[in-house]
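Input: a single structure, listed below in structure tokens.
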Amino acid sequence: MAAIKQVLTIAGSDSGGGAGIQADIKTFQELGVFGTSAITAVTAQNTCGVHGVYPMPAAAVKAQIDAIGADFTIAAVKTGMLFDAEIIAETAAGIERHGWRNLVVDPVMIAKGGATLMQEEALQAMRTLLLPLAAVITPNIPEAEMLSGMEIHDATDRKKAAEQILAFGAKAVVIKGGHANNPLIAEDYCLDQNGESFVLRSARIHTQQTHGTGCTFSAALTAELAKGQILPDALVTAKRFIQAALKHQLHIGAGHGPTNHAAFRQFAMEGDVQFVQ
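The numbers in the working numbering rise by one with no breaks, and the one at position 261 of the sequence shown is 248.
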């Protein structure tokens, strides 16, 4: 039997189980890859908000990364909440040290409840140290605005912001459309270093059960890249995965409830996505 593909998530722990390391591991399992982890911070949070963020020492992050690198064959890596510049530097150094490719950077900066999960001074470290290593970066619109230094109001702004982000060295960027104003559809815009672009379009699902959507999407993308899918195909699967997770709601908690990570497999891998070039 062929060995299962092994992947690594370097991110924060969510005590509520809907985002971060927990969402990543659930998504990896559902998509048939083996997940390993390096925890960058422990958060005290639930569906109503973040009540505390407790970063790991950078040396502990390094030790976790090196333990994985010494014993596992990592086919893809994703990063989530990295908190500060020192942890970002240690993460980037570890990825380079172990020669890992297929890096998906989910630049987690703001929680659903509005709490800031990345220190302001960490932005420059992400731009200069981590993005040059990335196969793809997956910001939502507020994160893309922070990374690019510009506001995004329409498709023209979105393209300019994507170009600004690519200038930092990532091979491709996907600006997710969940925060856009269109009440009917959600569009994710992808641009790569060759100037090729496309849009993934799906029906907007109006729900408060959205905790961990970004983590889950990027984890699904990581799993598919690890299995050898090219970026457009991996993105379609990731988009279908999160659509199913949003459609089949769990209704857990009193606030922004978690998505249903099992829905994609349970409901025959449904999730309608239109690929538009």
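A virtual CB, placed ideally from N, CA and C, is assigned to each residue, including glycine.
This one's a predicted model, so the numbers in the text were calculated from it and none came from an experiment.
Residue 178 - DSSP class collapsed to helix/strand/coil: strand
Assigned exposure category for residue 114 - 16 Cβ within 10 Å defines buried: buried
Beta carbon of residue 118 nearer than 7 Å to that of residue 70: no
Integer-rounded CB distance, given that residue 116 should sit under 8 Å from residue 75: 6 Å
Opposing strand residues paired with residue 21 [DSSP bridges]: -7
DSSP bridge partner residues for residue 214 (one or two, in chain order): Its beta-bridge partners do not exist; DSSP assigns none.
At least 3 beta-carbon pairs within less than 8 Å: the region 29 to 42 vs the region 221 to 238: no
Sufficient close CB pairs (3 or more, under 8 Å) joining the region 181 to 194 to the region 1 to 16: no
Cβ pair count under 8 Å reaching 3, the region 200 to 213 against the region 134 to 150: no
Beta carbon of residue 67 nearer than 7 Å to that of residue 95: yes
DSSP three-state assignment for residue 188, whether helix, strand or coil: strand
Proximal residues to residue -6 (C-beta, below 8 Å), its chain only, five neighbours per side dropped: 15, 20, 21, 22, 23, 61, 62, 63, 64, 65, 209, 210, 213
Nearest residue (CA-CA) to residue 54, options 44, 79, 85: 85
Environment of residue 152 [buried if 16+ CB atoms lie within 10 Å]: buried
Residues bridged to residue 32 (per DSSP): 37
Residue 31 versus residue 220: straight-line alpha-carbon distance, rounded: 35 Å
Backbone CA spacing between residue 45 and residue 28 [nearest angstrom]: 10 Å
Reference residue 182, options 199, 201, 160, closest by Cα: 160
Assigned exposure category for residue 264 - 16 Cβ within 10 Å defines buried: exposed
Inter-residue spacing [alpha-carbon to alpha-carbon] between residue 247 and residue 49: 32 Å
With 16 other Cβ atoms within 10 Å as the buried cut-off, status of residue 245: buried
Burial state of residue 147 (16 or more Cβ within 10 Å): exposed
Short Cβ contact (7 Å threshold) for residue 202 with residue 6: yes
Of the residues 90, 187, 73, the one placed nearest residue 225, counting alpha carbons only: 187
Residue 48, enclosing alpha helix (DSSP H) - first and last residue: 45 to 58
Beta carbon of residue 157 nearer than 7 Å to that of residue 109: no
Nearest-angstrom Cα separation, counted from residue 82 out to residue 26: 15 Å
Residue from 58, 236, 164 with nearest C-alpha to residue 251: 236
Any non-hydrogen atom of the ligand GTP within 6 Å of residue 18 CB: Here there are no bound small molecules, and the ligand GTP is not part of this structure.
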